[in-house]
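Notes for the one structure printed next.
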Amino acid sequence: MDFKDLIKQRRSIRTFTPEAITPEEERALLRAALMAPSSKGKHSYFFKVVRDREQLTALSQCRDAGTQLLAEAAMAIVVMADPSITDIWVEDCASATSYILLQAEDMGLGGCWVQVRNRGKEDGTQAQDIVKQVLSIPAEYQVLSMVALGHKAIERNPQNEDKLLWDHVL
Ligand SMILES: Cc1cc2nc3c(=O)[nH]c(=O)nc-3n(C[C@H](O)[C@H](O)[C@H](O)COP(=O)(O)O)c2cc1C
Numbered sequence: 478m479d480f481k482d483l484i485k486q487r488r489s490i491r492t493f494t495p496e497a498i499t500p501e502e503e504r505a506l507l508r509a510a511l512m513a514p515s516s517k518g519k520h521s522y523f524f525k526v527v528r529d530r531e532q533l534t535a536l537s538q539c540r541d542a543g544t545q546l547l548a549e550a551a552m553a554i555v556v557m558a559d560p561s562i563t564d565i566w567v568e569d570c571a572s573a574t575s576y577i578l579l580q581a582e583d584m585g586l587g588g589c590w591v592q593v594r595n596r597g598k599e600d601g602t603q604a605q606d607i608v609k610q611v612l613s614i615p616a617e618y619q620v621l622s623m624v625a626l627g628h629k630a631i632e633r634n635p636q637n638e639d640k641l642l643w644d645h646v647l
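When you read off a place in the sequence shown, starting at 1, and then add 477, the result is the number in the working numbering.
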């Protein structure tokens, strides 16, 4: 698909079929993530693939809302960084998250960004602390997001060209 069409087609997908993501598709997603631009080319981002159903369910409970889709995703890629590499790791991780979403769309897979950084439960628990505990991620890493991935259970309309916020172009 032409890139102009790809970015128009990409929408957040939150419902998935039970079909698995192949190892080749997984590698393509990670390849894209590792090619994402990073500050000074330092690649501060790190990734963890999660396929285990119990872990996906546990991750889906890291916030009170907005994370349930992980429970039925075929896979998640946790996007994190070693902040000792750069102080602008958030931007590096955001860049990688976007690349994963675009690669997923290119392969006909559905995906959705699930925010972890600065989010948590009403009881004060930080989403990141739950994610790190579930996946035994070392304390020094900072988690930005998780990308929920799978085969689309629904097709969504592409982006509406008529609703683009051209007035945001100053
Ligand atoms: C920084 C960021 C955080 C997001 N966090 C979540 C999230 O936690 N849960 C979720 O279901 N969607 C999340 N999304 C997806 C947005 O809700 C979605 O991109 C937006 O509604 C536009 O829809 P579209 O992606 O279909 O164009 C996030 C998107 C971004 C860019």
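For every residue, glycine included, the Cβ atom is placed at its ideal position computed from N, Cα and C.
Where residue i falls, given that 16 or more other Cβ within 10 Å makes a residue buried
i: T494; result: exposed
i: T544; result: buried
i: A610; result: The residue you asked about is not Ala; residue 610 is Gln in the sequence shown. So Q610 ends up on the exposed side.
i: R508; result: exposed
i: A604; result: buried
i: E531; result: exposed
i: S561; result: exposed
i: T574; result: buried
i: H520; result: buried
i: G510; result: Here residue 510 turns out to be Ala, not Gly, going by the sequence shown. Buried: at least 16 other Cβ atoms inside 10 Å.
i: L506; result: buried
Per DSSP, cross-strand counterpart(s) of residue i
i: I554; result: V526, V624
i: V591; result: M623
i: L586; result: H628
i: G597; result: Q603
i: S537; result: DSSP, once it has assigned bridges, lists no residue as partnering S537.
i: S489; result: G588
Cβ pair residue i, residue j closer than 8 Å
i: I554; j: F523; result: no
i: K485; j: Q580; result: no
i: V620; j: M557; result: yes
i: C539; j: I631; result: no
i: R487; j: E582; result: yes
i: L586; j: H628; result: yes
i: S537; j: S572; result: no
i: V527; j: E503; result: no
i: L546; j: R491; result: yes
i: Y618; j: D559; result: yes
i: M478; j: Y576; result: no
i: D541; j: E501; result: no
Chain D contact for residue i (CB, 8 Å cutoff)
i: A558; result: Protein chains in the displayed structure number just one, and chain D is not present.
Checklist entry - Using 8 Å as the Cβ pair cut-off and three pairs as the minimum, do the region 622 to 631 and the region 584 to 593 touch? => result The answer is yes - the region 584 to 593 touches the region 622 to 631, with three or more Cβ pairs under 8 Å.
Checklist entry - Three or more beta-carbon pairs under 8 Å between the region 487 to 501 and the region 554 to 573, yes or no? => result Contact annotation: the region 487 to 501 does not touch the region 554 to 573, with fewer than three C-beta pairs closer than 8 Å.
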